[in-house]
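In my numbering, the protein residues as written are 754 to 1064.
Using N, Cα and C, we set each Cβ at its ideal position, and we do this for glycine too.
In this text the structure is predicted, and so the values were computed from the model without any measurement.
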């Protein structure tokens, strides 16, 4: 196959690709998908990171070999992708950073770091007892790439971990088999859960999965950590539980996004919010560069792309 023509939407990514991919293999151009297309035929289009993907609709009428999406989640794309253009997600790019933030949110919420930062701003020395991450009972809802990365990072914190996926199974972890519970077991597992960490993709099956009934199974004082998609959790139900003081929440994703400025979650005690930045760290660019380079190499070799998804 001939030299690949690849468009990207960010200057820093463009420069990084030019440094790591031979000019004999690919030519790169900067394109945000909103200005006129640089060519009628494009081998790989890398749309802007984040957003709902609506600019992808502008590919209609172009000859595009592959859309390389920069997120793992692709739930919003179906309505925008022109028929016949294959799409690959960014599996292998964000798992590390997202898992890192999940652990960070859990530690920050458990140890009261948000309150201590407020105390520091007020120059107020106010020691207070908070629960530990160690010895806590953690239910990890979602055992794909992000969930497994979370499990690896939890291993050093001496927690009691239950893994949950769509169906029950056993998997190898390190040198031994571990049980992965099925999602149907959640009503039994949640009453024995101190921290619920959510990493599932957003699908028709997971939308609203953590609803009022599921939340009611959690014991008083439990922490809900969501680094998946906001719509996996019923926002109104979670807000009601946190408002009552029964549950706590540490959220990188919410529904809707951005969270409206007047939403009660912003100011409720026991809530920690980050603005959907799980994968947006210094670890992202080297990994997306590696993925795009591998996609170029595979196309040149006549091999199918990695990470193809069904829309």
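- The alpha-carbon of residue 1033 is positioned some 8 Å away from that of residue 847.
- For the segment 754 to 790, the continuous beta strand (DSSP E) assignments of 3+ residues that do not extend past its boundaries occur at 757 to 761 and 779 to 783, in sequence order.
- Scanning the segment 1016 to 1058 from its first residue to its last, the whole beta strand (DSSP E) runs of 3-plus residues come out as 1024 to 1026.
- In the displayed model, residue 982 falls within coil according to three-state DSSP, outside both helix and strand.
- DSSP, reduced to helix, strand and coil, places residue 874 within a helical segment of the structure shown.
- Under the DSSP assignment, residue 819 falls in the beta strand (DSSP E) whose first and last residues are 816 to 821.
- Cβ contact annotation for residue 833 (same chain, cutoff 7 Å, sequence separation greater than five): 806, 807, 809 and 810, in chain order.
- In this structure, 976 is the residue among 1035, 1048, 976 and 1049 with its C-alpha nearest to the C-alpha of residue 861.
- Of all C-beta pairs linking the segment 863 to 870 to the segment 836 to 845, fewer than three are shorter than 8 Å, placing the two stretches out of contact.
- As for any alpha helix (DSSP H) of minimum length 4 sitting wholly inside the segment 831 to 884, the runs are 848 to 863 and 866 to 874, ordered along the chain.
- Taking all protein chains in view, the Cβ of residue 850 is crowded by 16 or more other Cβ atoms within 10 Å, so the residue is classified as buried.
- The beta-carbon separation of residue 821 and residue 799, rounded to 5 Å, stays under the 8 Å limit for a contact.
- Around residue 887, the same chain offers 910, 911 and 912 as residues with beta carbons nearer than 8 Å, after the five sequence neighbours per side are excluded.
- Taking all protein chains in view, the Cβ of residue 882 is surrounded by fewer than 16 other Cβ atoms within 10 Å, so the residue is classified as exposed.
- For residue 923, the enclosing beta strand (DSSP E) stretches over residues 922 to 926.
- Bounds of any alpha helix (DSSP H) do not take in residue 911, whose DSSP letter is neither H nor E.
- Under the DSSP assignment, residue 930 falls in the beta strand (DSSP E) whose first and last residues are 929 to 935.
- Secondary structure of residue 793 (DSSP, three-state): coil.
- Counting only the Cα atoms, residue 870 lies some 33 Å from residue 823.
- The three-state reading of DSSP puts residue 799 in strand, counting E and B together.
- Setting aside the 5 residues that flank it on each side, residue 1055 is surrounded in the same chain by 754, each with a C-beta closer than 8 Å to its C-beta; the list follows chain order.
- Out of 968, 904 and 996, the CA that lies nearest to the CA of residue 944 is found in 968.
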